[in-house]
Amino acid sequence: MALPSGPTIRALRLFGSRGPRMTRRAPRVQHDFRSYATTLESNSKGLVLKVSEGGKSSPKRLSQLWLRDQTLWNASIASNPPEVSFDSVMAKGDVSGMADLTEKIRGYGICFVTNTPKTPEATNELLEAIGPIRNTHYGGFYDFVPDLAKADTAYTNLALAAHTDTTYFTEPAGLQAFHMLSHTSPPNKANDDSSLGGQSLLVDGFYAAYRLKKEYPEAYETLREVRLPWHASGNDGVAIAPDRAYPVIEASPYKFHRVRWNNDDRGVIPLNVNVDKWYSAARRWDSILRRKQNEYWFQLEPGRVLIFDNWRVLHGRSAFEGLRRICGGYINRDDFISRWKTSNFPRSEVIAANMQLK
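Quick note: the sequence shown uses UniProt numbering, first residue 1, plus one each step.
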């Protein structure tokens, strides 16, 4: 099989089905700063890249590091959501739990960590085991109640539509975590968690993008091609915007890369864009995000930490009463991917794969 010129990715398997797939083909290989004719063959050890050097063919095994499925999902994931135990992830001298956690986040975009001690200290320790907690204008590790300490709707008890966080950064946060430490009733109401509201919402943005591309291809191309301004300007002394405008959907023909969607952070549509066409595409997109069959609703619980891929999974919540205490943090994408690689594969293979040679 001839080696293609550009990188693509094997991805996209529907949760609970055989679903659509895309296949990653190996990237162009350069050796000693020169390109050589190459072929790619498979054996029991993985992929063998044969590099022709001076008429001789020398095999170089290419790790199957990137040949991993990403599973698209909808509301049906509620029957069996990905989860791991806190003790397995934090086990000393055993990375299998961390490997399981990071592989599930990479594959599904979400994972719950069960039996986590119900403290901010344990939550912080869990996140730092994955990677350094990212500092933003909100700080690093967060531990808050709905008191509007920051000018952000997260610090209220209002309902929030499905969105991604930090759209206004050049590189949005990679992972995000929520651990609900407590939820108490208001003084005039019985302490009944089930009636307080505050259900959490997750939507697989890659599945939504897949549906949009399949059902409304013109709308998909509009949201992929039109670049928009994004900003964070709600707090005094803060005026953040990315290095350039970015589209709602970043993708190649073979790979969904990132979703950036938050109406509260979006700037105006550029003057050179057909505004009616963009808003029509945005309505199509929003309608897919709001389909009941695409919305995974659940209740956060003390001891059950949610960690999700902020480049892929949109989150929201219903309105709630009472006082809710949430802790968590952001982790950079590169730090997460590094942890996924080093916990799932031998270091020598990781280094070789990073160099795109094996």
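For each residue, glycine too, the CB sits at the ideal point set by N, CA and C.
Of the choices the options, whose alpha-carbon is the least far from that of residue i?
{"i": "Thr222", "options": "Tyr210, Ala282, Met355, Phe141", "result": "Ala282"}
{"i": "Ala129", "options": "His137, Val95, Glu103", "result": "Val95"}
{"i": "Phe112", "options": "Met180, Thr136, Asp69, Lys292", "result": "Met180"}
{"i": "Asp165", "options": "Asn115, Asp265, Trp73", "result": "Asp265"}
{"i": "Asn263", "options": "Asn80, Ala352, Phe206, Trp285", "result": "Trp285"}
{"i": "Thr116", "options": "Pro81, Phe178, Ser79, Ala99", "result": "Phe178"}
{"i": "Pro81", "options": "Ile307, Tyr210, Arg339", "result": "Ile307"}
{"i": "Ile110", "options": "Asp309, Gly93, Tyr220, Tyr279", "result": "Asp309"}
Between residue i and residue j, which are expected to be in contact by the criterion C-beta below 8 Å, what is the C-beta distance as a whole number of angstroms?
{"i": "Arg317", "j": "Leu175", "result": "Not a contact, Cβ separation roughly 18 Å."}
{"i": "Thr241", "j": "Tyr168", "result": "Just to set this straight, residue 241 is Ala in the shown sequence, not Thr. That belief holds up - the Cβ atoms of Ala241 and Tyr168 are roughly 6 Å apart, short of 8 Å."}
{"i": "Ser343", "j": "Thr114", "result": "At roughly 19 Å, the Cβ-Cβ gap does not stay under 8 Å, so Ser343 and Thr114 are not in contact."}
{"i": "Ser200", "j": "Gly322", "result": "Actually they do not touch by this definition, with Cβ atoms about 15 Å apart."}
{"i": "residue 362", "j": "Gly197", "result": "What is shown of the chain runs 1 to 358, which leaves residue 362 out entirely."}
Taking the C-alpha atoms as reference points, what is the distance between residue i and residue j?
{"i": "Glu171", "j": "Asn124", "result": "22 Å"}
{"i": "Gly55", "j": "Val350", "result": "Residue placement at Gly55 cannot be trusted, given a pLDDT of 48 that sits under 50; the coordinates are not used to answer."}
{"i": "Asp143", "j": "Thr119", "result": "10 Å"}
{"i": "Pro250", "j": "Phe256", "result": "As written in the sequence, residue 250 is Glu, which differs from the Pro given in the question. The straight-line gap from Cα to Cα measures roughly 6 Å."}
{"i": "His183", "j": "Val238", "result": "31 Å"}
{"i": "His163", "j": "Ile326", "result": "18 Å"}
{"i": "Arg324", "j": "Pro346", "result": "42 Å"}
{"i": "Ser252", "j": "Pro146", "result": "39 Å"}
{"i": "Val89", "j": "Ala99", "result": "8 Å"}
{"i": "Phe206", "j": "Val313", "result": "8 Å"}
{"i": "Ser79", "j": "Trp73", "result": "11 Å"}
{"i": "Ser195", "j": "Asn135", "result": "35 Å"}
{"i": "Asn274", "j": "Asp243", "result": "23 Å"}
{"i": "Arg24", "j": "Asn188", "result": "Low local confidence applies: a pLDDT of 36 at Arg24 is under 50, so the model's placement there is unreliable, and no value is given."}
{"i": "Pro217", "j": "Lys104", "result": "29 Å"}
{"i": "Val84", "j": "Gly97", "result": "7 Å"}
{"i": "Ser280", "j": "Lys214", "result": "16 Å"}
{"i": "Pro270", "j": "Arg291", "result": "29 Å"}
{"i": "Leu158", "j": "Arg304", "result": "22 Å"}
{"i": "Trp278", "j": "Ala219", "result": "8 Å"}
{"i": "Asn354", "j": "Ser287", "result": "39 Å"}
{"i": "Ile331", "j": "His315", "result": "16 Å"}
Based on the DSSP secondary-structure assignment, which residues constitute the bridge partners of residue i?
{"i": "Val203", "result": "Leu314"}
{"i": "Ala177", "result": "Ile307, Gly329"}
{"i": "Thr184", "result": "Leu323"}
{"i": "Phe112", "result": "Glu83, Leu306"}
{"i": "Phe144", "result": "Ile326"}
{"i": "Lys255", "result": "Ser252"}
{"i": "Ala232", "result": "Ile240"}
{"i": "Arg266", "result": "Trp230"}
{"i": "Gly139", "result": "Thr136"}
{"i": "Gly93", "result": "Answer is none; Gly93 lacks a bridge partner."}
{"i": "Glu301", "result": "Arg304"}
{"i": "Tyr296", "result": "Leu202"}
{"i": "Gly197", "result": "Phe320"}
{"i": "Leu160", "result": "Arg317"}
{"i": "Tyr246", "result": "Leu228"}
Might you give, ordered along the chain, the residues of its own chain that have their beta carbon closer than 8 Å to the beta carbon of residue i, omitting 5 neighbours on each side?
{"i": "Asp334", "result": "Gly174"}
{"i": "Pro247", "result": "Leu223, Arg224, Glu225, Val226, Arg227, Leu228, Arg260"}
{"i": "Glu301", "result": "Met180"}
{"i": "Ala122", "result": "Phe86, Thr116"}
{"i": "Ser348", "result": "none"}
Excluding the 5 residues preceding and the 5 following residue i in the sequence, name in chain order all residues of the same chain whose CB lies nearer than 6 Å to its CB.
{"i": "Ile133", "result": "Leu127, Gly140, Phe141, Gly329"}
{"i": "Leu289", "result": "Ala162, Val203, Ala208"}
{"i": "Lys341", "result": "Val350"}
{"i": "Ala75", "result": "Gln293, Glu295, Tyr296"}
{"i": "Ala245", "result": "Arg227, Leu228, Pro229"}
{"i": "Trp311", "result": "Arg258"}
{"i": "Val339", "result": "It should be noted that the sequence gives Arg, not Val, for residue 339. The residues are Thr102, Ile130, Gly131."}
{"i": "Ser233", "result": "Ala239"}
{"i": "Gln299", "result": "Gln199"}
Is residue i close to chain C, meaning its C-beta is less than 8 Å from at least one C-beta of that chain?
{"i": "Leu201", "result": "In the displayed structure, chain C is absent; only one protein chain is listed."}
So, for residue i: in the same chain, excluding its five sequence neighbours on each side, which residues have a beta-carbon less than 7 Å away from its beta-carbon?
{"i": "Gly267", "result": "Leu228, Pro229, Trp230, His231"}
{"i": "Asp276", "result": "none"}
{"i": "Leu212", "result": "Ala219, Tyr220, Arg284, Trp285, Ile288"}
{"i": "Asn272", "result": "none"}
{"i": "Gly93", "result": "none"}
Any heavy atom of the ligand ZN inside 7 Å of the beta-carbon of residue i?
{"i": "Val113", "result": "By its list of ligands, the structure shown contains no ligand whatsoever, and the ligand ZN lies outside what it can speak to."}
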